[in-house]
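> Taken in sequence, the protein lines are chains A and B. Residues 37 to 420 in the working numbering are what the first sequence spells out, letter by letter. Residues 37 to 420 in the working numbering are what the second sequence spells out, letter by letter. Ideal Cβ placement from N, Cα and C applies to all residues, glycine included. Here's a structure for you.
Protein chains: 2
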Amino acid sequence: MDILNIYNPIKMHFGRGVINEAGNIAKKYADSVLIVTGKSSMQKSGTLDKLLKILKNAGIDSTVFDKITPNPTTDDIDAGADIAREKGVGLIIGLGGGSPLDSAKAIAVTAKGNIPVWNYLKTAAIEALPVITIVSTSGTGSEVNKYSVMTNPKTGEKPGFGYECMYPKEAIIDPEIMVSMPPHVTAATGFDIFVHTLEAFTGKMKNIFSSAYCMQAFCLLEDNFVRAYREPQDLDARSDMALASALAGLAIDMSGVGIMHALEHPMSGNYPNIAHGAGLAGLAIESMKYNLKACRRDFMLIAHHLGIKRMKRSEDEYAYSLIEKTEEMLASINLNIRLKDLGVEKDKLPKIAKEAFTTMGFAVQNNPVTVNEQDALMLLEASY
Amino acid sequence: MDILNIYNPIKMHFGRGVINEAGNIAKKYADSVLIVTGKSSMQKSGTLDKLLKILKNAGIDSTVFDKITPNPTTDDIDAGADIAREKGVGLIIGLGGGSPLDSAKAIAVTAKGNIPVWNYLKTAAIEALPVITIVSTSGTGSEVNKYSVMTNPKTGEKPGFGYECMYPKEAIIDPEIMVSMPPHVTAATGFDIFVHTLEAFTGKMKNIFSSAYCMQAFCLLEDNFVRAYREPQDLDARSDMALASALAGLAIDMSGVGIMHALEHPMSGNYPNIAHGAGLAGLAIESMKYNLKACRRDFMLIAHHLGIKRMKRSEDEYAYSLIEKTEEMLASINLNIRLKDLGVEKDKLPKIAKEAFTTMGFAVQNNPVTVNEQDALMLLEASY
């Protein structure tokens, strides 16, 4: 056994109606908060208003920063940090999907320092304002880990970063908030869970703890993903998808991601309209074929947890059945797509391949099979 | 989904030689420490001397409190707390098996207050000195959870208690320390892991997270328990048993224990020479038979994770195969024993049954099948 360090200090609260605890939870940290959210979905669903009321009843003064777009930019994060500083808030609440939660963590770091957020790619952060996450989707995992992904709007670069001080203090994970997710969001975010589990379970940094989370998440996905897609109001399915998202988020917090995330980040960095999960859907099948040779046993184990019977299949055939199962899953959620369907231009593929190495090198390194820039380009072309 | 709260803030460090990091880890918290340990094994194995050297090299001043006996008493804990206060130490290091680690946590709480440790059964503790655990056995789980078990030497009562402030800050889990465990200790502590996983996996407070840990722990036990017992120097088996102990310790931190622990605590409380794991061994089979009716599916799942093939067995037979497997396991480690073999007097059984309810009520409550005092006495008699 090599040295293995395991740590995740977040207090997680799961359950229907647990958002009602937001006031009691927040006031342990501060009486003045900045709520970081997007432009529309939390307003439309009424969740933002509900949260504001809950905080007000707890005597907490709230400022709303609702400028976060999908694939949030460094400009937005720096602007949010300016407001947090001006208002002197003592707590950041991220409300929404991956983009607002990532931004909340980045704003919490940036508000404590005097440098733009982009500089934290090179300068380690040692302190941040406390953060509470209130997640509205099931997929990002950002609700329970330290990572933040940001896009540089000038260059299209989309790196991730994370320091110990960026762990949210508490995570409020309420499936009632998730029923407002439209099916295409359930599909894209749910597929993000699948890729988190797949990449954490097969990556070079895999360990006993992350694998335990992943195996449990695979079982939950098998029982609930397509159900949550087809029946958005099914609270049991939503609850289990919320648990799967957290398990997968904890797994990548320890064991990282791989080539699919390494390629998807520069893709949606260059094309901000691509939803992260949809980008992953376009990349998954070819990436799995590429990794198959190093992952035969892992793929067989995952196939087992996804309920695929072995029958009389050889080991190779059984391992390959996971790829077929993934194709079926993508078909069931209408995400059996290619990169050209996502609006990616073919002549941008070399730039995307290059940026996987410059901004997502840690994910490339963690992939079970070695990847060079030419391999990455080949994978993108095969997925086009 | 009911409300589910998940939290464990401990930094865990696993690996061969990771004890060498003890100085760097300790000096983040204090430059003066109290080492809480037993009377002999850490001295004989040289681990205490090694730790003292490592701490000295990091500029840390150490005081050794080596009065901890198996089934540590409230008197010893209060005496340790007095020394911590007198010396003004800033950190408690627990070194050894479950008894010194439990005592370290109890001393850390008591040193901060002005009341004897027994009072913390009723008075919630809100602060404690920071604690680092350095575990020498694989079984207690105390290295990674907030619980402490203590014995009242006047009454024989042996309750557990735990508050959020009692979580160790960091846990140093080095399999090289564990090779000095003699086989009978490997057997008793390893069986404690098995019972932790069994009770957390079947208890009323079971959840998705603790179950994930338990399933992983069952796989590790199947591959390594008997191997570590037969080949004490096998570092791979020791490493995996150390991981299993931590997984099971995290599982009971969330999901508690059941009737076996509820009965064993008053038993070894009244007979301090009984090793906790040996006491559990005497109680396991009858307790599993008692719980079988509520645990059929769980027992089948555990049987699967322990590598038992279903063959043509009915569900009832397959569930029962776990009990047969447990008997085999106990035979392999020479712990197929009855309570009378442990020196328990038959006329003490009613007192033990009664104390399960007065000092371990939370564990009785968590048991999958309801137990009253008469049932408890019947279980003790059947195990005699």
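In chain A, which residues lie less than 8 angstroms from residue 248 of chain B when you measure between Cβ atoms?
In chain order: 248, 249, 251, 252, 283.
> Quick one: grab the DSSP three-state call for residue 97 of chain A.
Correct three-state label for residue 97 of chain A: strand.
> What do you get for residue 269 of chain B, buried or exposed, if any count of 16 or more other CB atoms within 10 angstroms of its CB means buried?
Exposed, since its Cβ has fewer than 16 Cβ neighbours within 10 Å.
> Find the residues of chain B that neighbour residue 38 of chain A, judging by a C-beta separation of less than 8 angstroms, and give them in chain order.
The contacting residues are 51.
> With the cut-off set at 8 angstroms, would you say residue 392 of chain A and residue 412 of chain A are in Cβ contact?
A contact, by the Cβ cut-off of 8 angstroms.
> Would you call the CB atoms of residue 184 of chain B and residue 142 of chain B closer than 8 angstroms?
Cβ distance < 8 angstroms, so residue 184 of chain B and residue 142 of chain B count as in contact.
> In terms of residues, what are the limits of the alpha helix (DSSP H) holding residue 233 of chain A?
Here the alpha helix (DSSP H) through residue 233 of chain A covers 219-238.
> Near residue 344 of chain B, what residues of its chain come up, given a Cβ to Cβ distance below 8 angstroms and the 5 sequence neighbours on each side ignored?
So the qualifying residues of the chain are 354, 357, 358, 361.
> List, in chain order, every chain B residue whose beta-carbon is nearer than 9 angstroms to that of residue 309 of chain A.
Result: empty, since nearest Cβ-Cβ is about 34 angstroms, beyond 9 angstroms.
> Taking all protein chains shown into account, do 16 or more other C-beta atoms lie within 10 angstroms of the C-beta of residue 195 of chain A, making it buried, or fewer, making it exposed?
Residue 195 of chain A comes out buried.
> Checking the sheet assignment: what are the DSSP bridge partners for residue 196 of chain B?
Answer is B/185.
> What is the rounded straight-line gap between the Cα of residue 383 of chain B and the Cα of residue 302 of chain B?
Computed Cα separation, rounded: 14 angstroms.
> Determine the closest residue to residue 175 of chain B out of B/228, B/144, B/169, with distance taken between C-alpha atoms.
That would be B/228, whose Cα lies nearest to the Cα of residue 175 of chain B.
> For residue 168 of chain B versus residue 62 of chain B, is the C-beta distance shorter than 8 angstroms?
In contact: residue 168 of chain B and residue 62 of chain B (Cβ atoms closer than 8 angstroms).
> Which parts of the segment 238-318 of chain A are runs of the alpha helix (DSSP H), unbroken and 4 residues or longer, counting only runs that do not cross its ends?
DSSP runs (the alpha helix (DSSP H)) wholly in the segment 238-318 of chain A: 244-266, 271-291, 295-306.
> How about residue 214 of chain B: is its C-beta nearer than 8 angstroms to some C-beta of chain A?
Not an interface residue.
> Please list the partners that residue 408 of chain A has in chain B, where partner means a Cβ-to-Cβ separation under 7 angstroms.
Simply none; closest approach about 31 angstroms.
> So which of A/100, A/119, A/73, A/202 has the shortest CA-CA distance to residue 131 of chain A?
Per the Cα distances, A/73.
> On a CA-only basis, which of A/101, A/192, A/279, A/129 is nearest residue 394 of chain A? Give me that one, please.
The option with the nearest alpha carbon to residue 394 of chain A is A/192.
> Per DSSP, which residues does residue 131 of chain A bridge with? Please list them.
Partner(s): A/170.
> In terms of residue numbering, what span does the beta strand (DSSP E) encompassing residue 205 of chain A cover?
From DSSP, residue 205 of chain A is part of no beta strand (DSSP E); its letter is neither H nor E.
> Going by C-alpha distance, which of A/311, A/338, A/70, A/80 is nearest residue 373 of chain A?
Of the listed residues, the one whose Cα sits closest to residue 373 of chain A is A/311.
> For residue 189 of chain A versus residue 110 of chain A, is the C-beta distance shorter than 8 angstroms?
Contact flag set, yes.
> Buried or exposed: which applies to residue 206 of chain B, given that a residue is buried once 16 or more other Cβ atoms fall within 10 Å of its Cβ?
That one is buried.
> How is the alpha helix (DSSP H) around residue 214 of chain A delimited, first residue to last?
Segment 211-214, the alpha helix (DSSP H) holding residue 214 of chain A.
> In the DSSP assignment, the alpha helix (DSSP H) including residue 113 of chain A goes from what residue to what residue?
Note, residue 113 of chain A: alpha helix (DSSP H), 110-123.
> Step through the CB atoms of chain B and report whether any lies within less than 8 angstroms of the CB of residue 244 of chain A.
By this cut-off, residue 244 of chain A is an interface position.
> Using a Cβ cut-off of 9 angstroms, pull out every chain A residue sitting near residue 47 of chain B, in sequence order please.
Result: 41, 42, 43, 45.
> Taking only beta carbons into account, state which residues of the segment 52-79 of chain B come closer than 9 angstroms to chain A, listed in chain order.
Residues passing the 9 angstroms Cβ filter: 52, 53, 54, 57.
> Which one of A/331, A/281, A/329 has the shortest CA to CA distance from residue 254 of chain A?
Among A/331, A/281, A/329, the Cα nearest to that of residue 254 of chain A belongs to A/281.
> Does chain A have any CB closer than 8 angstroms to the CB of residue 257 of chain B?
No, residue 257 of chain B lies away from the interface with chain A (no Cβ there is under 8 angstroms from its Cβ).
> What whole-angstrom Cβ distance do residue 212 of chain A and residue 52 of chain A have, given they're in contact under 8 angstroms?
About 5 angstroms separates the two Cβ atoms, so the contact holds.
> Specify the secondary structure class of residue 158 of chain A as computed by DSSP and reduced to three states.
Reduced to three states, the DSSP call for residue 158 of chain A is coil.
> Suppose the cutoff is 7 angstroms on Cβ atoms and the five residues either side in sequence are ignored; what does the same chain contact list for residue 159 of chain A look like?
These residues qualify, in order along the chain: 151.
> Less than 6 angstroms between C-beta atoms, sequence neighbours within five positions excluded: which residues of the same chain meet that for residue 404 of chain B?
238, 327, 330, 331.
> Assuming residue 394 of chain A is part of the alpha helix (DSSP H), what are its boundary residues?
Looking at the DSSP string, the run of the alpha helix (DSSP H) that includes residue 394 of chain A is 385-395.
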